[in-house]
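Q: Dropping a structure here in C-alpha cells format, bear with me for questions.
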Amino acid sequence: MLKEITGVVLAGGESRRFGSNKALALWNGKTMVESVVEILSGMFPSNLVVVKKPELFQFWDKTNVRVVKDMIAESHSLGGIWSGLSNAETKHVFVCACDMPFLQPKLVKDLWNASQDYDAVIPVWREKPQPLCAIYSKKCRGVMECRIKDQRLKIQELFGILRARFYLEPEVKSADPSGLSFVDLDTKQEYERARREKPC
C-alpha cells in the first residue's frame, strides 16, 4: 500500500460523446467507476471519487472510498483535480479518469517513485502528456485555483508553471509496454469494442 498518497477518480464529466453517464456503465458486473476504484484500492488506503451529482452515487458503500462533489462548476478536469487535492488528507494524489479500466498498477507505483521534489509527474505516451493518469502535489492548488478563476482551464498550460516531471515513453514502457493505462473509453463504440476484446 502507498500510504502517503490518495487515489482520485474523476467521474464528473458530461459524457457527451458516450451518450450516457459512462461512470455508471457496466464493466465486469459492476459500474465502470467501481472497476477503476477497485484497481486503486489495491494501491491506496484512501480513495476519492469526484462527481458533479453525488445523488447518482448513493449506492456506494466502500469503506475506503469517499464520493465528493466537484467544488467548482464548469471547470472541466482541472476543477476535478483541484477538488480532489482539496479533499485529500495526503500531500499527493494520483488522478485518473473513470473510463480507464486498464490502468496498470506498476506504472502508478513508478510514477509515485519518481515524484520526489516535483509538483507533478506526468507520463508521456505517443509524444503526448497524459495529465489524467498522473501524480499531483497539494502545492499545485494555488496555481490551479488562479487558472480556474481566470477560466484558463487547459491542464497542459500548467506544465510550464509547475515543477513538473515528464515521465517519458521509454520509462512508461518498462511498466506498461502497450500503454494500456491510457486507454479511455470516450464513446460507446470504444466501450463495446473494449468489452469484446479486453486488451489486458
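Just so you know, the numbering used here puts 34 at position 44 of the sequence shown, and the rest follows in order with no gaps.
Even glycine gets a Cβ: it sits at the ideal position worked out from N, Cα and C.
Would you call the CB atoms of Phe84 and Met134 closer than 9 Å?
A: No. Outside cutoff.
Q: Which two residues bound the contiguous alpha helix (DSSP H) that contains Asn18?
A: No alpha helix (DSSP H) holds Asn18; DSSP gives it neither H nor E.
Q: Just the C-alpha distance for Phe92 and Pro119, rounded to the nearest angstrom, thanks.
A: If I take the Cα positions, the gap works out to 18 Å.
Q: Going residue by residue through the segment 38 to 78, where are the continuous alpha helix (DSSP H) segments of at least 4 residues, counting only ones entirely within it?
A: Listed in chain order, they are 66 to 77.
Q: Please report the Cβ distance between Val162 and Pro113, rounded to the nearest whole angstrom; I am assuming they are in contact, meaning their Cβ atoms lie under 8 Å.
A: So it is a contact: roughly 5 Å between Cβ atoms.
Q: Quick one: Cα of Asp140 to Cα of Tyr126, how far?
A: Each residue's alpha carbon lies about 21 Å from the other.
Q: Leaving out five residues on either side along the sequence, give the residues of the same chain with a beta carbon under 7 Å from the beta carbon of Tyr157.
A: Excluding sequence neighbours, Tyr157 sits near Leu101, Ala104, Val111, Ile112, Pro113, Val114.
Q: Which same chain residues end up closer than 7 Å to Leu175 when comparing Cβ atoms and leaving out the 5 residues on each side of it in sequence?
A: Excluding residues within five positions, the ones whose Cβ falls inside 7 Å are Lys12, Asp89, Tyr181, Ala184.
Q: Among Leu170, Gln94, Gly169, Lys(-7), which one has its Cα closest to the Cα of Ser36?
A: Ser36 has its Cα closest to that of Lys(-7), out of Leu170, Gln94, Gly169, Lys(-7).
Q: Taking DSSP as the reference, what is the three-state secondary structure of Val173?
A: Reduced to three states, the DSSP call for Val173 is coil.
Q: Count the other CB atoms within 10 Å of the CB of Arg142; is the residue buried (16 or more) or exposed (fewer)?
A: Counting Cβ neighbours within 10 Å, Arg142 comes out exposed, since fewer than 16 surround it.
Q: So what's Ser31 in DSSP terms, helix, strand or just coil?
A: It is helical.
Q: Write down the C-beta distance between Val41 and Phe47 rounded to the nearest angstrom, noting that I regard them as a contact closer than 8 Å.
A: Right, the Cβ-Cβ distance comes to about 6 Å (below 8 Å), so this counts as a contact.
Q: With a cut-off of 9 Å, does the C-beta of Ser10 fall near any C-beta of chain D?
A: Given the protein chain composition of this structure (a single chain), no chain D is represented.
Q: Determine, using beta carbons only, whether Met61 and Trp72 come nearer to each other than 9 Å.
A: Result yes, Cβ atoms of Met61 and Trp72 sit closer than 9 Å.
Q: Do the CB positions of Met22 and Leu30 come within less than 9 Å of each other?
A: No, they are not a contact pair.
Q: Considering only the beta carbon of each residue, do Gly2 and Lys43 sit closer than 9 Å?
A: Yes, the Cβ-Cβ distance between Gly2 and Lys43 is below 9 Å.
Q: With a threshold of 16 other CB atoms inside 10 Å of the CB of Glu147, please say whether the residue is buried or exposed.
A: Burial call: exposed.
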